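Participant: One structure coming up, written as structure tokens, with questions to follow.
2 protein chains.
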Amino acid sequence: MIDDLEWSLVASFLAVMRLGSLSGAARATGMTQPTLGRHIEQLEAALGIGLFTRSSSGLLPTDAALALLPQAEAMETAMAALVRAARLGGDAVSPCGTIRITASEIMGTLVLPPILSAIRTQHPKIIFELVLNNRTDNLLQRDADIAVRMVRPTQTRLVARKLRDVPLGLYAHRSYLERFGAPRTVEDLVRSHLIGFDRDDLTIRVVAAGILPITRDNFAFRCDSDMAQLAAVEAGLGIGGIQHAIARQKPDLVPVMAETIRFNLEVWLAVHQDMIRQPAVRIVFDT
Amino acid sequence: MIDDLEWSLVASFLAVMRLGSLSGAARATGMTQPTLGRHIEQLEAALGIGLFTRSSSGLLPTDAALALLPQAEAMETAMAALVRAARLGGDAVSPCGTIRITASEIMGTLVLPPILSAIRTQHPKIIFELVLNNRTDNLLQRDADIAVRMVRPTQTRLVARKLRDVPLGLYAHRSYLERFGAPRTVEDLVRSHLIGFDRDDLTIRVVAAGILPITRDNFAFRCDSDMAQLAAVEAGLGIGGIQHAIARQKPDLVPVMAETIRFNLEVWLAVHQDMIRQPAVRIVFDT
DNA sequence: CGTCGATCATAGAATTTTGTATAGCAACGA
DNA sequence: TCGTTGCTATACAAAATTCTATGATCGACG
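Chains as they are written, first to last, in the working numbering: chain A, 7 to 293; chain B, 7 to 293.
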């Protein structure tokens with residue numbers, strides 16, 4: 007009953023769910039409206055529940071359909087992962103294919119490119135795709151093959167490797183310090199214009215686990231994009247944590263309380279355990 | 007290219023992968039051997055890689071096929087989850103369907119039945135399935151709708167609720183104490199015949215986080231089944247940690263160092279976040 | 001109030017997919 | 001050595017699915 011035909015019906019279900027109508031889904035998928043209609047019909051019959059209420063303006067999903075949406079999307083991501091895994095290949099000496107890497111913006115723009123460039127000179131058949139954002143929860147959904155993270159991955163189905171420690175320090179633009187003066191004590195600092203993360207609790211907690219008694223409320227400027235944070239510091243908006251290696255290239259950035267405040271961010275590589283066997287992934291993972 | 011047809015081809019791929027031959031897969035799935043053969047052919051053409059080497063004794067999977075197997079299985083489990091989610095339903099006042107619960111053996115046999123019985127008197131349309139084992143890594147694979155665990159779940163996609171603290175103590179059978187004497191100090195205890203877990207590091211770490219300086223090597227009898235551990239203690243094999251509520255029902259079990267050694271195990275309920283919206287799951291989750 | 005544009009539902013033709021039957025091949029055992 | 005048994009590969013008929021075309025319904029709008 008649950009066997010063969012149904013798998014592709016779920017794809018049609020997803021399309022109708024997203025487009026909101028049989029006709030729209032038909033246009034999007036290249037099938038025709040009657041076909042999609044029959045698919046939904048079959049799926050409803052096979053599952054024994056109504057999925058949509060038909061109307062002349064489209065199909066309205068029932069509660070049951072909304073409840074099934076996450077599972078259907080899980081199938082879709084698994085299918086996407088399968089296709090991605092199939093594109094990888096070759097052997098250990100000449101791996102090929104496209105590898106999607108997810109990383110924070112600052113990693114992707116300032117740190118990763120030279121590393122990836124080095125890999126490509128050795129393995130020219132590997133193509134890279136970068137997905138840059140600061141969320142940390144998307145590898146189990148397999149949006150990417152490899153994730154670069156700033157905290158130790160805990161999920162059991164991930165294979166993790168610690169790349170290195172990145173030393174961070176507090177920096178501010180010269181103009182900011184001229185206007186507001188440089189803080190000298192921790193109390194000064196907490197009252198300063200701090201720049202930090204918005205919703206990304208994890209990073210805050212990691213940083214706060216060090217010496218600073220800060221919470222989200224201490225930040226005068228909040229943004230989850232570390233690239234924008236860097237820009238904010240450069241624009242003289244306030245004091246923010248920046249990698250030493252990056253700050254050194256910006257002549258107008260001045261370290262703040264460099265003796266007192268110093269912390270490390272760990273850089274981790276995470277790979278889904280299903281992907282580690284791919285030669286191309288293996289190469290990149292082992293840097 | 008990657009759109010519609012392929013989804014069901016993956017099901018055929020899985021069947022051939024498992025059965026090792028087109029004919030065997032045909033028998034198992036109710037299709038015919040030429041159909042399966044064409045499916046594999048299509049899949050190979052669509053992905054652009056060879057999946058099997060044909061021989062007169064069956065189909066031998068290539069490395070590429072082996073690498074795709076986990077992703078295909080992920081699709082299958084997502085499909086299974088979808089079907090399970092579809093079977094649940096009803097509304098908030100009269101939820102219905104089958105709920106799979108995974109729990110440790112001792113939980114499933116001694117603690118859960120009265121609780122589930124109480125739920126069933128209120129919601130007679132809910133059917134329960136119990137999956138009993140002591141592994142902790144199977145909810146993301148969606149083998150079950152609800153998991154009862156003895157450690158706090160950390161995965162971000164899980165919704166967790168702490169049920170209660172279960173107080174544990176060390177117990178031994180009367181006959182064991184008569185033969186070997188009751189330990190009075192921690193040093194005595196470490197040298198005793200301790201009963202504990204085998205490969206389940208997690209539980210060991212939680213217990214060891216308390217006062218006892220024990221590692222896996224201290225156990226004279228190791229087994230990952232807590233039910234078997236209880237039986238071992240009852241058989242006089244040694245000293246083991248047992249829930250007070252359970253030990254109290256066994257007249258021949260004597261508490262060991264009850265004043266000094268006492269620890270709590272947390273009981274957590276974990277639900278995949280995709281499932282929490284189902285009325286039936288919600289009811290059980292909220293006990 | 002009628003028209004237009006959008007939708008879903010429904011028939012019949014065309015295409016695709018599946019099943020049946022058979023041939024060919026290798027391995028195993030008497 | 002021969003027969004049996006399992007397997008895959010191929011040709012052709014049958015069944016299922018799909019597409020095309022059309023009708024019916026509802027809402028928007030001048």
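Each residue gets a CB set at the ideal place from its N, CA and C atoms; glycine is no exception. No experiment lies behind these values; they were computed from the predicted model shown.
Using 8 angstroms as the limit for Cβ to Cβ distance, is Met-156(A) near chain B?
Facilitator: So no, Met-156(A) is outside the interface.
Participant: By Cβ distance, which residues of its chain are closer than 7 angstroms to Glu-50(A), with the 5 residues on each side in sequence left out?
Facilitator: Hits under 7 angstroms: Gly-56 and Leu-57.
Participant: What are the residues of the stretch 45 to 76 of chain B that lie near chain A, defined by any Cβ-Cβ distance shorter than 8 angstroms?
Facilitator: Those residues of the stretch 45 to 76 of chain B that come within reach of chain A (Cβ to Cβ, closer than 8 angstroms) are Leu-53, Gly-54, Ile-55, Ala-70, Leu-72, Ala-73, Leu-74 and Pro-76.
Participant: From the DSSP output, which residues share a beta bridge with Phe-225(B)?
Facilitator: Its beta-bridge partners are Leu-200(B).
Participant: Indicate whether Gln-161(B) and Asp-280(A) have their beta-carbon atoms separated by less than 8 angstroms.
Facilitator: Contact: no.
Participant: Only counting the same chain, and skipping five residues up and downstream in sequence, which positions put a Cβ closer than 7 angstroms to that of Arg-185(B)?
Facilitator: There are no such residues.
Participant: Report the residue from Asp-171(A), Val-22(A) and Ala-226(A) whose alpha carbon sits nearest the alpha carbon of Asp-36(A).
Facilitator: For clarity, residue 36(A) is Gly in the given sequence; the question names Asp instead. The option with the nearest alpha carbon to Gly-36(A) is Val-22(A).
Participant: So with Cβ pairs under 8 angstroms, would you call Thr-160(A) a contact of chain B?
Facilitator: Yes, Thr-160(A) lies at the interface with chain B (some Cβ there is under 8 angstroms from its Cβ).
Participant: Go ahead and pull the three-state DSSP assignment for Val-157(B).
Facilitator: In the structure shown, Val-157(B) sits in coil (DSSP, three-state: anything other than H, G, I, E or B).
Participant: What would DSSP say about Ala-251(B), mapped onto helix, strand or coil?
Facilitator: Ala-251(B) falls in the helix class under three-state DSSP.
Participant: Verify the CB distance criterion: does Asp-280(A) have a CB-CB separation below 8 angstroms to chain B?
Facilitator: Judged by the 8 angstroms Cβ criterion, Asp-280(A) is in contact with chain B.
Participant: I'd like to know if Leu-164(B) contacts chain A, where contact means its C-beta is closer than 8 angstroms to some C-beta of that chain.
Facilitator: So no, Leu-164(B) is outside the interface.
Participant: Contact defined as beta carbons within less than 8 angstroms: I believe Ala-166(B) pairs with Arg-106(B). What is the distance between those atoms, to the nearest angstrom?
Facilitator: Wrong, their Cβ atoms sit about 17 angstroms apart, outside the cutoff.
Participant: Please classify Leu-66(A) as buried or exposed, where buried requires at least 16 neighbouring CB atoms within 10 angstroms.
Facilitator: When all chains shown are included, Leu-66(A) counts as exposed.
Participant: Compare the C-beta of Ser-14(A) against all C-beta atoms of chain B and say whether one is closer than 8 angstroms.
Facilitator: Yes - at least one Cβ of chain B is within 8 angstroms of the one on Ser-14(A).
Participant: Considering only the beta carbon of each residue, do Ala-234(B) and Gly-246(B) sit closer than 8 angstroms?
Facilitator: No, the pair does not count as a contact, with Cβ atoms beyond the cut-off.
Participant: From Arg-288(B) to Val-157(B), what does the alpha carbon distance come to, in whole angstroms?
Facilitator: C-alpha separation (whole angstroms): 21 angstroms.
Participant: Spatial neighbours of His-199(B) within its chain, please: CB distance less than 6 angstroms, with the 5 preceding and 5 following residues excluded, ordered by chain position.
Facilitator: Correct list, in chain order: Ala-226 and Gly-244.
Participant: What three-state label does DSSP hand Ala-237(B) in the structure shown?
Facilitator: DSSP places Ala-237(B) in helix when its eight states are reduced to three.
Participant: If we ignore side chains and look at the alpha-carbon of each, how far apart do Ala-71(A) and Glu-111(A) end up?
Facilitator: C-alpha separation (whole angstroms): 36 angstroms.
Participant: Specify the secondary structure class of Met-103(B) as computed by DSSP and reduced to three states.
Facilitator: Just to set this straight, residue 103(B) is Gly in the shown sequence, not Met. Gly-103(B) falls in the strand class under three-state DSSP.
Participant: Is the Cβ-Cβ distance between Ile-263(B) and Leu-183(B) less than 8 angstroms?
Facilitator: A quick correction: the sequence has Met, not Ile, at residue 263(B). No.
Participant: Quick check on DSSP: helix, strand or coil for Arg-190(B)?
Facilitator: Arg-190(B): coil per DSSP, three-state reduction.
Participant: Could you name the residues of the stretch 87 to 111 of chain B whose beta carbon sits closer than 9 angstroms to any beta carbon of chain A, in the order they occur along the chain?
Facilitator: Going along the stretch 87 to 111 of chain B in chain order, one finds Ala-87, Leu-88, Val-89, Arg-90, Ala-91, Ala-92, Arg-93, Leu-94, Gly-95 and Asp-97 with a Cβ nearer than 9 angstroms to chain A.
Participant: State whether the stretch 111 to 124 of chain B contacts the stretch 126 to 137 of chain A, with contact taken as three or more CB pairs (one from each stretch) at a distance under 8 angstroms.
Facilitator: As far as the Cβ criterion goes, the stretch 111 to 124 of chain B does not touch the stretch 126 to 137 of chain A, which means the pair count is below three.
Participant: Shorter than 8 angstroms from the beta carbon of Arg-33(B) to some beta carbon of chain A?
Facilitator: Not an interface residue.
Participant: Measure how close the beta-carbons of Leu-271(A) and Leu-169(A) come, nearest whole angstrom, since I'm counting them as under 8 angstroms.
Facilitator: In fact, because the Cβ distance is near 11 angstroms, the residues do not count as touching under 8 angstroms.
Participant: Taking the straight line between their C-alpha atoms, what separation do you get for Phe-19(B) and Ile-46(B)?
Facilitator: Taking the straight line from one Cα to the other gives about 6 angstroms.
Participant: Based on Cα-Cα distance, which residue from Ile-132(A), Ala-31(A), Glu-240(A) and Thr-108(A) lies nearest to Pro-261(A)?
Facilitator: It is Glu-240(A) whose Cα lies nearest to the Cα of Pro-261(A).
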